[in-house]
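Residue numbers (this note's numbering): 92 to 277. Don't be surprised by glycine CBs; every beta carbon is placed ideally from N, CA and C. Step one of this worksheet: look at the structure below.
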């Protein structure tokens, strides 16, 4: 591993560790009222801090792995032009997926009902509550798979649809009062 690649991986690892610790120790306690698990009137439910805590732990583990790999002189690629192109495409895919998640439900409701029924009234009813999450999640899986494999496949779209639907059902079915993203903000 050359010196610049090692230095770059160490910097990426340290920045990731710093961001994860900042999220875990400062942002989550200061901004979120409930914990990871919230108990209210003998009712156990997912707390508002669960998702950001899991995301921060993922960042922490990934950053630690990148930093350790660099410190142990394992081969790494460092930051290259191909990495920047991949990063740019990743940003486009994430923006597309989030846009689909945000606007699929309201757009389908407007097409189906016109202006008679607002989407806000349907966010707890199937299929409306699943539409944005499943379509956005399927696009995320299919597009990232196409990016990594350098080719598009309808099979990967089907895998993305099934995976997103299963994730949505795992989150939605056990809890009566849980809104799938982004329905809580619509």
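Between which two residues does the beta strand (DSSP E) containing residue i stretch?
i: residue 131; result: 128-131
i: residue 242; result: Careful: residue 242 lies outside any beta strand (DSSP E) and carries neither H nor E.
i: residue 137; result: 134-137
Quick one: Cα of residue i to Cα of residue j, how far?
i: residue 215; j: residue 192; result: 15 Å
i: residue 188; j: residue 144; result: 22 Å
i: residue 106; j: residue 262; result: 31 Å
i: residue 182; j: residue 176; result: 10 Å
i: residue 222; j: residue 255; result: 10 Å
i: residue 131; j: residue 141; result: 16 Å
i: residue 212; j: residue 156; result: 45 Å
i: residue 164; j: residue 153; result: 17 Å
i: residue 119; j: residue 125; result: 9 Å
i: residue 162; j: residue 96; result: 11 Å
i: residue 159; j: residue 243; result: 34 Å
i: residue 277; j: residue 227; result: Residue confidence for residue 277 is low, a pLDDT of 43 falling below 50, so the modelled location carries little weight and cannot support an answer.
i: residue 260; j: residue 272; result: 12 Å
Would you kindly report the start and end of the unbroken alpha helix (DSSP H) that includes residue i?
i: residue 208; result: Residue 208 -> no alpha helix (DSSP H), and no H or E assigned at all.
i: residue 144; result: 141-162
i: residue 119; result: 119-122
i: residue 105; result: 94-113
Exposed or buried, what is residue i when buried is set at 16 or more other beta-carbons lying within 10 Å of its beta-carbon?
i: residue 257; result: exposed
i: residue 274; result: buried
i: residue 203; result: exposed
i: residue 122; result: exposed
i: residue 229; result: buried
i: residue 224; result: buried
By the three-class DSSP mapping on this structure, what secondary structure does residue i have?
i: residue 182; result: helix
i: residue 277; result: Note that residue 277 has pLDDT 43, beneath the 50 cutoff, so the model's placement of it is unreliable and the number below is only indicative. Residue state, collapsed to three classes: coil.
i: residue 266; result: coil
i: residue 197; result: helix
i: residue 217; result: coil
i: residue 271; result: coil
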